[in-house]
Amino acid sequence: MRYFTKGFTFVLIHFFSHSLVNAQTAKYFIAFTDKLNSPYSLSLPQEFLSQRAIDRRNRQNISLSVRDLPVNPDYIAQIKKAGATVFYSSRWMNSVLIETDESTLTSIKNLPFVKKSDIKSFDKINFRQAGNNSPVPSKNTQKTLEEKQTITPKDYGNSLNQLQMIGADAMHKQGFTGKGMRIAIFDSGFRRANQNPCFQHLFAANKILDTHDFVSQETDVYDDDSHGLSVFSVMAAYQPGSLIGSAFEADYILLRTEDTGSEYRIEEVNWLLAAEFADSAGVDVINSSLGYNYFSNSKMNYKNSDMDGNTALSTQAADLAASAGILVVCSAGNEGNDSWGTITAPADADSVLSVGAVDERGNYAGFSSRGLTADGRTKPNVSGQGSGTVVSLSSGSISTSSGTSFSSPLMAGMAAGFWQAHPELSNMQVIDYLQRSANQADKPDIYLGYGIPNFVKADRLVQIDKIIPEKKYILAENPFSANKITVFLDKILTEATAQIQITDSQGKIVFKKENFKLMQETVIYLPNRLSTGVYLLNFISPDLKFTERVVKQ
């Protein structure tokens, strides 16, 4: 595992044994042959998935498959009866993670439903005891978001630049702050997040929906490493005057998958298990500021040629999560100045939004991992500020840090707000619009991918794509509140001019202009004195004539 701060077919996992010589037990990932005689049924998905997870699939026309069924509980019971400790089961890989000794393993191998060729071993991991529960902050320690009416540029503090670069400040101004979206973060720990003033608004509103530590087998994620806390702050912080995150009103699930004391491929198993956990919980977005290429045991190391979108377990898991309708956002990696050079897993997955890093001026940050993938695809997909990113530390102070670890959550939060604005889109459509909105969409490269995306432009692209071919136009907002009306036009109409006239309910002309130059996004600025009410918009051009009823709020 590497987290990106600068300074097996699915049942076939290419792990290498590195058991301690004198260890009596080891951990094994064991695959089963089938899911026959399961008590679960695809016709009753609510027995193993949350309603929100089911709704996410239905909304994107994704059908359930046998892969979604839980592991047969009878198989798990027989593994336990044989004497092994079962930690987790994987629906997607039809496998279990266990700990046992050699003698018991021999008995397990003889069970008829066990794939004997797919038993892989790991070092025995000595789980520490759970730490003392940290106090949850009082709901009275900070004003709730409902008491905050508007956000001014001054409120963003030094975090304004990183948000403006991708249009997230404009997104917030339109009311898209992640509210109603559910985001899971995979990381190495969120030290003291429950005591940090940046997150008091989330705890006060019960927006931390769940936590789990897959390394230490517990629910407390607040007593380990602080990397995840800084990642979390980039998307979720709300500390006016200092730091505001890109999706500060989203709901969050915090999952620890990484052990900073060692780097083994079991961390990819943890990533897989966390992805299934997130899927079952109905998350919309996963952020993973993590990557895999080199390990403590060099026999486990990946090669650049393995970054092909299919080889690494975390890459496979990320694509499986995407196939369930989750938007997976991950760091491209910090290998730009190293001999490795290119992206790391799971950034090579073809269905994830991989994020590179730029500096505060939008220039490529040299440490950011480059593309292409081993099979020639453009990566990273997009880029955001990852050099000098404003973050919170576990002490509660505000600082800056660098790495694709921070451009990724910045982008994940913006993507969540964009999806909030357009819930009819699929996860893959969200990626497509963000890529199309980026500043080098027409000429992607190996450094920034499609470039730096922008919420405002992505939002416009959605509006333009909603134009019905026969109609050739669409009103952006109706009713409208500002003193302007925006009309998105078919591109073939933009070489002409039009006569535009607006009348009130009494037939009085309140706006009229001849030879109004048309653009794909045509903005009609109205008199400031225009009062609320119903108006008629009359539009006449050589190729398009229409009259629309519009309402000023």
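The numbers in the working numbering rise by one with no breaks, and the one at position 534 of the sequence shown is 561.
The beta carbon of each residue, even a glycine, is placed where N, CA and C say it ideally should be.
Keep in mind that this is a model prediction, so the values were computed, not measured.
With respect to the 8 Å criterion, F217 and Y249 are classified as neighbours on the basis of their beta carbons. Per DSSP, N324 lies in no alpha helix (DSSP H) segment and is marked neither H nor E. In the DSSP assignment, H239 is bridged to L282. Straight through space, the alpha carbons of V355 and A349 are spaced by roughly 6 Å.
A straight-line Cα-Cα distance of about 10 Å links E245 and R283.
DSSP, read as helix, strand or coil, puts Q526 in strand. Scanning the stretch 466-538 from its first residue to its last, the whole beta strand (DSSP E) runs of 3-plus residues come out as 500-502, 511-516, 524-531.
The DSSP-derived three-state label of F230 is helix. Annotated three-state conformation of K200 is helix, per DSSP. The straight-line gap separating the alpha-carbon atoms of V123 and A308 is approximately 20 Å. Beta-bridge partners assigned by DSSP to F59: V141. Burial state of V385 is buried, judged by a 10 Å Cβ sphere holding 16 or more other Cβ atoms.
Closest by C-alpha distance to S424, out of D306, S257, N320, D570, is S257. With at least 16 other beta carbons inside 10 angstroms of its own, M262 counts as buried. With a cutoff of 8 Å on beta-carbon distance, E294 and D306 are scored as not near each other.
About 20 Å separates the CB atoms of L520 and F538; that is not less than 8 Å, and the two are not in contact. A direct Cα-to-Cα measurement between G403 and M455 gives close to 19 Å. Straight-line spacing of the CA atoms in A401 and G255 works out to 29 Å.
Shown here, K54 sits in a strand according to DSSP, grouped into three states.
Judged by beta-carbon spacing, S429 lies beyond the 8 Å limit of S419, meaning their Cβ atoms are not closer than that value. A straight-line Cα-Cα distance of about 29 Å links F394 and M198. Shown here for A111: same chain residues with a beta carbon closer than 6 Å to its own, the five before and five after excluded, namely I125, T127, T131 in chain order. The beta strand (DSSP E) runs of length 3 or more contained entirely in the stretch 261-315 are, from start to end of the chain, 278-283, 312-315. Ranked by Cα distance from S289, the first of S332, Y321, S260, V310 is Y321. According to the DSSP secondary-structure assignment, K572 is paired through a beta bridge with I567. Residue nearest to L281 within the set I271, N505, I313, Q490 is I313 (criterion: CA-CA distance). Around L488, the same chain offers Y460, R463, S464 as residues with beta carbons nearer than 8 Å, after the five sequence neighbours per side are excluded. In chain order, F140, K142 place their CB closer than 6 Å to the CB of T60, counting only its own chain and leaving out the 5 sequence neighbours on each side. By the neighbour-count criterion, in which a residue is buried when 16 or more other Cβ atoms sit within 10 angstroms of its Cβ, R86 is exposed.
The continuous beta strand (DSSP E) containing T416 extends over residues 416-419.
Within the same chain, T405, Y477 come within 6 Å of P471 by CB-CB distance, once the 5 residues on both sides are set aside.
CA-to-CA, the gap between R83 and L76 works out to about 11 Å. Judged by pairs of C-beta atoms under 8 Å, the stretch 261-278 does not touch the stretch 321-338, as fewer than three such pairs exist. Annotation: E451 to S366 spans about 43 Å, alpha carbon to alpha carbon. Counting only residues of its own chain and dropping the five nearest sequence neighbours on each side, I494 has a CB closer than 7 Å to the CB of Y500, I501, F515, D517.
In terms of Cα proximity to D251, the closest of S260, I529, S378, R219 is R219.
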